[in-house]
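Numbers -19 to 356, taken from our numbering, label the letters of the sequence shown in order.
From the three backbone atoms N, C-alpha and C, an ideal C-beta is built for every residue, glycine too.
Since we're looking at a predicted model, the values are computed, not measured.
Take a look at the structure set out below.
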Amino acid sequence: MSASLLSLLRLLLLFSVVSLAPPRSAASGCGGGGGRPVVFNFGDSNSDTGGLAAGLGFPVNPPNGRSFFGRSTGRLCDGRLVIDFLCQSLNTSFLIPYLDSLAGSKFTNGANFAVVGSSTLPKYVPFSLNIQVMQFLHFKGRITELASAGSEVPVSVDEFTQALYMVDIGQNDLADSFSKNLTYSEVINTVPSIIGEIKTAIKTLYDQGARNFWVHNTGPLGCLPQKLSLVEKKDLDENGCLSSYNSAARIFNEGLLKLCQEMRSELADATITHVDIYAIKYDLIANASKYGFSSPLMTCCGNGGPPYNYNIRVTCGTPGCEACSNGSQHISWDGIHYTEAANSIIASKILSTAYSTPRTPLNFFFRRRHARVKCI
């Protein structure tokens, strides 16, 4: 790893210390958790609530954010992401990006380490899953230091064990492999390495006291308008999606499900819930009219017109791009990410537990009585 890259990583890690100044109103380092929701999220743009904008100053321009926030918040969506709806279901606030130096004491319900474009590999490139876990370790270490010194901290030490750890990553690994013109077999050969990195991340978090994991598999990559518009030789299924891309996603998902099953046996006292996001999203596309959507493979915020309205040179938020008047009729917001309307349905299906293995309600992790918090 180059010296310049090492310097960048150190800078990014130190950058976030500003956010951990002792707050005026927060959980004491010796306080009780009381079962309140605390969530730590690791992932990519599907759950990035502003990390890219905060960490690199990358502009996420309007009309992103128009449907709910009325302004751009760094989310690649017209409104709320799936993770936002999940947080709302827990009656807790939206997760603040770890890299947001202006967050102050607002990490009281956890932190979001997800960043747009993240993947599991390469391992030491910002903001890979490995880097996100390293950032979490830094975050936890700083909290522990402050608590030991008697300072108030946004999250009590024992709440790190009681918290829910969400992992939603892998889509970019597969997409990047296809973009390098690898053969289908070569793409599939990368899957064990991706799964291995996710296993390492979960094991590292477990070794740090994490016990509650919520793992999303990846969606139907071949149904994204971006992929459909860029691939010349299209092997389409009955719903107009790229068969090879979706096949790769399913093989990855099979490996991820197997990993979750294995780690339930290996990690004592751990609860690992696997959620089949692929099934939820593919059903949404295959039965779009049932959910009130039209043109399921057509981008709302894009350029180029039918059939996909996606132009890699004129993407959402850039000059020349126009957004549809009613995003609630579209599944795809910008060709890669889903609209708030679609995310709302996806979240409701997640919360139903029908797509979870085992069928664990999200609030299960926070309605149990916890042991008295131990002072350090």
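Across which residues does DSSP place Ala303 in a beta bridge pair?
Cys281
For the putative contact between Gly300 and Thr319, defined by C-beta atoms under 8 Å, what is the C-beta separation to the nearest angstrom?
Contact flag wrong, Cβ pair sits at about 21 Å.
Using beta-carbon positions only, say whether Thr251 and Phe116 come within less than 9 Å of one another.
no
If you check the beta carbons only, do Arg55 and Thr29 fall under 9 Å apart?
yes
State buried or exposed for Gln241, treating a residue as buried only when at least 16 other CB atoms are found within 10 Å of its CB.
exposed
Counterpart residues of Asn192 in DSSP-defined beta bridges
Leu144, Thr251
Is it right to say Ser98 is buried, meaning 16 or more other beta carbons lie within 10 angstroms of its own, or is it exposed?
buried
Grab the span of the beta strand (DSSP E) containing Phe22 for me, first residue to last.
19 to 23
For Asn92, the residue or residues it bridges with in DSSP:
Asn21, Pro77
Check whether the Cβ atoms of Leu75 and Gly90 lie closer than 9 Å to each other.
yes
Within the continuous alpha helix (DSSP H) that includes Tyr288, where are the two ends?
Where Tyr288 is concerned, there is no enclosing alpha helix (DSSP H), given that its DSSP letter is neither H nor E.
Euclidean distance between Cα positions of Gly220 and Glu132
54 Å
Give every residue of the same chain whose Cβ lies closer than 6 Å to the Cβ of Ala266, excluding the five residues on either side of it in the sequence, and list them in chain order.
Asn219
Is the beta carbon of Trp313 closer than 9 Å to that of Val255?
no
Anyone know if the C-beta pair for Tyr262 and Gly199 falls short of 9 Å?
yes
Nearest by alpha-carbon distance to Ser324: which of His310, Val135, Ser336 is it?
His310
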